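In what follows, a single structure is set out as structure tokens and then discussed.
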Amino acid sequence: MRSFSLVLLRRLLFRPHAQYLNPHAHIQHLSTASNSSHNLTLSHSSSTNPIPTTEGTHSLTSGAGPTTTTTTTTTATTTTTPRLALYDHLSAGTLAKLEGILLHSLLHEPAVMVRHKSVDTVCDVANQAMARGRPWHALQAQAFSMAVVRDGGGPPLTGGTTTTLAWCLRESAYKVFAGCPNLVMDLQTEAVVGLLAEGLRDGYSIEVRHAALLASVAYLSAADIRQLRESSNLLTPMLETLPPLAQNLNQPPALHVSVPSPSPSHILTTSPPSLTQSSTTTPLLTTTTTTGTPSSSSSSSALHSSISTSRAGPSNYAHLANFLTTLTPLCSSHPLLFQTHLPALLSFLPALILPAMDSGPTPTVGRPFPSSSASSSAASSAAQENGGGGGQRQSAFMFPPPLPPSSSHIHSGSGSNAAGNNGLGREMKSGGGGGGAVHDEVARDGSENNNNYNTADNDEDERSTLRLSALEFMISLSEARPGMVKKVPGWAEVVVRACLEGMGELSSDEDDLEGWLGDDPSSNSSSTETDSPPALYEQALDRLACALGGRAVLPPAFQYIPSMLASFDWRARHAGLMAIAAIAEGTGRVMKNELGKIVEMVVPMFRDTHPRVRYAACQCIGQLCTDLEDIIQARYHQQLFSALIPALEDHEPRVHSHAAAALINFCEGVERDTLLPYLDPIVERLLKLLNPGGGHGQAASAACRYVQEQVITTLAMVADASEVTFGKHYAMIMPLLLNILKNADGPDYRKLRVKAMECAGLIAIAVGREVFRPESTVLIELLLRIQKSPIDPGDTQLSHYLIATWAKVCQAMGPEFEPYLPIVMPTLLTTAGAKADISIFENEDEERDGWETINVDGQSLGIRTSVIEEKCQAFETLVIYCSTLGARFAPYLAQTLEVALPSLKFLFHEGVREAGALLIPLLLVAGKSSGTLTPQMVSATLNQLVNCISTEHDASFLASLYKAFADCVRVVGGVGALSQDYHKGIIEATQRQLQALAERRKARAGQFASDPEADREDVALVEEFEEFALEDMAKVLMMFDPGHPLLVAVSSVRELGVSGWNSEDERDEDV
1 MRSFSLVLLR RLLFRPHAQY LNPHAHIQHL STASNSSHNL TLSHSSSTNP IPTTEGTHSL
61 TSGAGPTTTT TTTTTATTTT TPRLALYDHL SAGTLAKLEG ILLHSLLHEP AVMVRHKSVD
121 TVCDVANQAM ARGRPWHALQ AQAFSMAVVR DGGGPPLTGG TTTTLAWCLR ESAYKVFAGC
181 PNLVMDLQTE AVVGLLAEGL RDGYSIEVRH AALLASVAYL SAADIRQLRE SSNLLTPMLE
241 TLPPLAQNLN QPPALHVSVP SPSPSHILTT SPPSLTQSST TTPLLTTTTT TGTPSSSSSS
301 SALHSSISTS RAGPSNYAHL ANFLTTLTPL CSSHPLLFQT HLPALLSFLP ALILPAMDSG
361 PTPTVGRPFP SSSASSSAAS SAAQENGGGG GQRQSAFMFP PPLPPSSSHI HSGSGSNAAG
421 NNGLGREMKS GGGGGGAVHD EVARDGSENN NNYNTADNDE DERSTLRLSA LEFMISLSEA
481 RPGMVKKVPG WAEVVVRACL EGMGELSSDE DDLEGWLGDD PSSNSSSTET DSPPALYEQA
541 LDRLACALGG RAVLPPAFQY IPSMLASFDW RARHAGLMAI AAIAEGTGRV MKNELGKIVE
601 MVVPMFRDTH PRVRYAACQC IGQLCTDLED IIQARYHQQL FSALIPALED HEPRVHSHAA
661 AALINFCEGV ERDTLLPYLD PIVERLLKLL NPGGGHGQAA SAACRYVQEQ VITTLAMVAD
721 ASEVTFGKHY AMIMPLLLNI LKNADGPDYR KLRVKAMECA GLIAIAVGRE VFRPESTVLI
781 ELLLRIQKSP IDPGDTQLSH YLIATWAKVC QAMGPEFEPY LPIVMPTLLT TAGAKADISI
841 FENEDEERDG WETINVDGQS LGIRTSVIEE KCQAFETLVI YCSTLGARFA PYLAQTLEVA
901 LPSLKFLFHE GVREAGALLI PLLLVAGKSS GTLTPQMVSA TLNQLVNCIS TEHDASFLAS
961 LYKAFADCVR VVGGVGALSQ DYHKGIIEAT QRQLQALAER RKARAGQFAS DPEADREDVA
1021 LVEEFEEFAL EDMAKVLMMF DPGHPLLVAV SSVRELGVSG WNSEDERDED V
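With the UniProt record's numbering applied, the sequence shown corresponds to residues 1 to 1071, in that order.
Following this line, the structure appears as structure tokens:
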């Protein structure tokens, strides 16, 4: 009941009153002018001011129920209504009494789970209070006092534990600091660092150390530059929390020490650190113990002898994974903090991410079955080296790195020995271990140790989670600061090897293979493959390659991949192929130089005896065709077609379906002349898969449905690539597609039907109007029938494919499509004019399909992405209709312009704005050609464009706005047809943009001057978009005056760019 009361209190205090609910107050930077109700008036002349002020209205409806959803139709708003909650209506006395109750709960609550809820509520109240300018000094004092309380004899906590209250108080205190870092941000840095370091070295409780780690990460994440500089040494005790857990992975976790605890009444006598003087703290770098919990006064053996382990809890595997996961966000946000620790990290982490290996003694003629005693001893030693044993060894991950030990059994964390002890020098076994699943030794270690508190399955899951957590730590650091980690010898090699090992850990069970072969790859059951550990290792390898580039990743990867492809273990062969596919995107600049050798390695794998290897070969080639588009198709099309076309006849449906999918990737980058010699055999085999029975009526029943869906998609892409040449196959394929559209009814055929619609439209475009005309009426009648049929709530794709197919039919028929505009335009204009659907949700943890949820100021705001995506598609379709029909689109000119102009300020979707900018000049062309373009339309269009140019902050879209303005000016007769108001408006807007661009580039230059090692890839992309904007800006200025003075300013802004360089990868890899 107490736990429920705390949760309810949080909900009630800060849930906005319905009168004040306004989700756009939180995202004002997005909603201001977004979805603006730009009422285009076509019946009266425009104002003399060419840049009108945008106004808007705001409407609101609120729902009720257990999960209250308040939906808001977004329009532009110039004022922000304050978001008031119950908390804002409470008197100062009531708030003080409430805070006192919460402080009492934080101090005296005996139940651990309730204490966690109490901490959450206290943090919410503190954060909300400080956001309203109400500091909570009493909480600050009490939290500091709780953090320094020592253990002693006191009443035990409830829940079956034998531990005492003191460690819970310390844990709660540090969790308060983690949840509300502002409590300590204004204190002296040295004092805060000392307090956090003390919690990180807590010798009694893993929970306290983890809470202190959470607080430390929160503090460093919120710190300013000065605080970061003064507190950078805090990372040392943060990292020192890891070795004690790693050294005792297979032992029950040492939770708490049962020693006397003071009574709560004495806790508040301790004051927090002074705001002006630092408290005396233990020096951070004095830890010299080699095992157990770091402590300046006791050894780990003495400590563990007094620790009570009577309570079952998470293993040290789970604890270590949790600690690493807590540290990982800091790798992304503040990677430079880890720079000096990278060598020690490289000595520590490989033992966690690489599986233990034990190939056993080598059989001989004299000893065909040798004893495993020697190997057991070696395995035990290896387990200790990998952090799995309980031996008294010194951690390789010690801060600061200790002096070289004199004892041979102590493991040093530096030099070549570290690499050897971490297994970096071990060869990947090409016979059976290369990339394969090698958990046997790990499992033996787990069964021989005291792991009675966990089942074997849970233990294995925890080991896997730990490996993935450590790998994520290294990947995040690599992505955040690629240049930094590439300077550490062995970093990329270790991560690459760990990924290859993990990718090969597939199940070898025959039942699992049968299940995989029988799965529908498009179903939800098959999607679990992407969340499996091998798939996660594959994603990690992909991310590493994209971060570090080819020169860092390709050499270590191809140190192992050839032997993996030659392994007798199908899992190793599968992993090798998937690895090539994973690294292709990030290493393309280097891989293209060795592409011939890679193709020679991959093509023979299409004849592999195992279906999953053949599937991986299809995946590999398909991914290479995407990531090395044009290059691989042009150079190696003969070798690839010789492998892909026979794969279409593979006896396993999952394999020949994936071969058809790979053909799509191939055709997307192939030249028409290259494809034509192979067109007939491709279509012949695809038709066999689509209609194996040979009769037109059997297409939906004689083959696997997902194969048919894939084949139809592939046929569409092949038709698109081969264009008019596909006409000779038209008579065989189009009747099959029309038959599917006529008969494929019911939920089971939803996807097949929409794929047939898409394919029919693409084939119609490919063969041309004359060939398509006889079947056009039948296809349109079928589309009309589908459009008028009752709406199926479960068919979420039908609307999207229906709109897309109508657009393709329009492209195929050209002007002959005009009679069908009254059928398609009403729905299309309604979709294009839809407003952004934004809601406030009470249940923050609930996942909602079709919604993108963001957390803003304690509220969960949702944006319905499905509505926005449909809006974008509607605008893209309007572009097709208008460009295809030209003057025949005139009857819908005014209505379309009314929805197109506001789209330029629709900030929730970039695609909507880009399509709107492309559509507006086309509308003016259609109006001028038909004689229906009015001065009011021209005025409203130019006003909106100038207004948007003046206020736009996105450089990529700014270029589109300038291009749209230039195109519109040409349509209306050039700059001579414009009034001086437009001359003045566009020049003033351009001056404003030039000033903003110059300021941004100067700020970047200052940033890189102070941090030369900063990663410039993102900046290079931003400045590339700015260059496009400056180029189109210059073109507009030259339209007004070829010698316009602002052209000099444009050149000056260009010279301020800091990205006129190639990245390290580009410089090195293009050699």
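In this text, a Cβ means the ideal position worked out from N, Cα and C, and glycines have one as well. As the structure is a computational prediction, the values presented were derived from the model and not from experiment.
Comparing C-alpha positions only, which one of Met825, Thr714, Asp792, Ser657 sits nearest to Leu893? Met825
Exercise. Please go through the stretch 630 to 662 and give each complete alpha helix (DSSP H) segment of 4 or more residues, from N-terminal end onward.
Key: Complete alpha helix (DSSP H) runs here, min 4: 631 to 647.
Practice item. Return the CA-CA distance between Ser172 and Ile838, expressed in angstroms with no decimal places. Key: Spanning the two alpha carbons is a distance of roughly 36 Å.
**OP:** Within the same chain, show all residues whose beta-carbon is closer than 8 Å to that of Arg769, passing over the 5 residues directly before and after it, in chain order.
**Re:** Ala812, Met813, Gly814, Glu816
Taking the alpha-carbon positions, what's the Gly573 to Ile621 distance?
Correcting the residue identity first, residue 573 is Arg in this sequence and not Gly. Those two C-alpha atoms are separated by around 15 Å.
Exercise. Within the chosen definition, does the stretch 567 to 584 reach the stretch 534 to 544 through at least 3 CB pairs nearer than 8 Å?
Worked result: Taking 8 Å as the limit for Cβ pairs, the verdict is that the stretch 534 to 544 does touch the stretch 567 to 584.
_Residues that Thr853 bridges to, as DSSP identifies them_ = Gly862
Entirely enclosed alpha helix (DSSP H) segments - the stretch 671 to 754, minimum 4 residues:
The stretch 671 to 754 contains these whole alpha helix (DSSP H) runs: 672 to 675, 679 to 690, 705 to 722, 730 to 743.
Can you check whether the CB of Glu585 is closer than 8 Å to the CB of Cys546? yes
inquiry  = Going by the DSSP bridge assignment, what does Ala545 pair with across the sheet?
reply    = None; Ala545 has no bridge partner.
Less than 8 Å separating the beta-carbons of Glu501 and Leu687? no
Quick check on the DSSP output: the alpha helix (DSSP H) that includes Pro921 runs from which residue to which?
910 to 930
Following the continuous alpha helix (DSSP H) through Trp136, name the residue where it begins and the one where it ends. Looking at the DSSP string, Trp136 is not in any alpha helix (DSSP H), and its letter there is neither H nor E.
| Coarse secondary structure for Ala498, derived from DSSP in three states | Helix.
### Message
Do Leu213 and Thr326 have their beta-carbon atoms positioned less than 8 Å apart in this structure?
### Response
A contact, by the Cβ cut-off of 8 Å.
Just mark Leu945 as buried or exposed, buried being the case when its beta carbon has 16 or more other beta carbons within 10 Å. Leu945 should be labelled buried.
(request) Could you tell me which of Phe906, Gly833, Glu870 sits nearest to Leu897, measuring between CA atoms? (result) Of Phe906, Gly833, Glu870, the residue nearest in Cα terms is Gly833.
task = Tell whether a beta-carbon distance below 8 Å holds between Val724 and Val767.
result = Contact: yes.
Residue nearest to Leu1030 in terms of C-alpha spacing, selected from Lys1002, Met1039, Tyr962 = Tyr962
* Just checking my contact of Arg10 with Thr189 at CB under 8 Å: how many whole Å lie between their CB atoms? -> About 31 Å; that fails the 8 Å criterion.
Given 8 Å as the limit, is there contact between the stretch 489 to 500 and the stretch 464 to 478, that is, 3 or more CB pairs closer than that? yes
Less than 6 Å between C-beta atoms, sequence neighbours within five positions excluded: which residues of the same chain meet that for Val938? Excluding sequence neighbours, Val938 sits near Val972.
- Query: With respect to the alpha helix (DSSP H) encompassing Val193, which residues constitute its N-terminal and C-terminal limits?
  - Reply: 189 to 200
Work out the CA separation of Pro921 and Ser722 for me, nearest whole Å. 32 Å
When you compare the CB positions of Ile631 and Lys597, do they come within less than 8 Å of one another, or not? no
Is the stretch 176 to 186 in contact with the stretch 117 to 137, if contact means three or more CB pairs nearer than 8 Å? yes
How should Gln128 be labelled, buried or exposed, when 16 other C-beta atoms within 10 angstroms of its C-beta is the threshold for buried? It counts as buried.
For Pro562 and Met601, believed in contact at Cβ under 8 Å, the rounded distance: 7 Å
Exercise. Please confirm whether Thr805 and Gly862 have their CB atoms less than 8 Å apart.
Key: Between Thr805 and Gly862, the C-beta spacing is not below 8 Å.
Alpha helix (DSSP H) segment containing Ala212, residue limits: Looking at the DSSP string, the run of the alpha helix (DSSP H) that includes Ala212 is 206 to 222.
**Request:** Would you kindly work out how many angstroms separate the C-alpha atoms of Arg132 and Lys175, rounded to a whole number?
**Result:** Distance from the CA of Arg132 to the CA of Lys175, rounded to the nearest whole angstrom, comes to 22 Å.
With a threshold of 8 Å, are at least 3 pairs of Cβ atoms found where one atom belongs to the stretch 659 to 675 and the other to the stretch 634 to 644? Judged by Cβ distances under 8 Å, the stretch 659 to 675 makes contact with the stretch 634 to 644, as three or more pairs qualify.
- Item | Cβ-based burial, Arg150 [other Cβ within 10 Å; buried from 16] | exposed
Fill in: Euclidean distance between Cα positions of Ala989 and Asp967
17 Å
Terminal residues of the alpha helix (DSSP H) in which Tyr174 lies:
165 to 179
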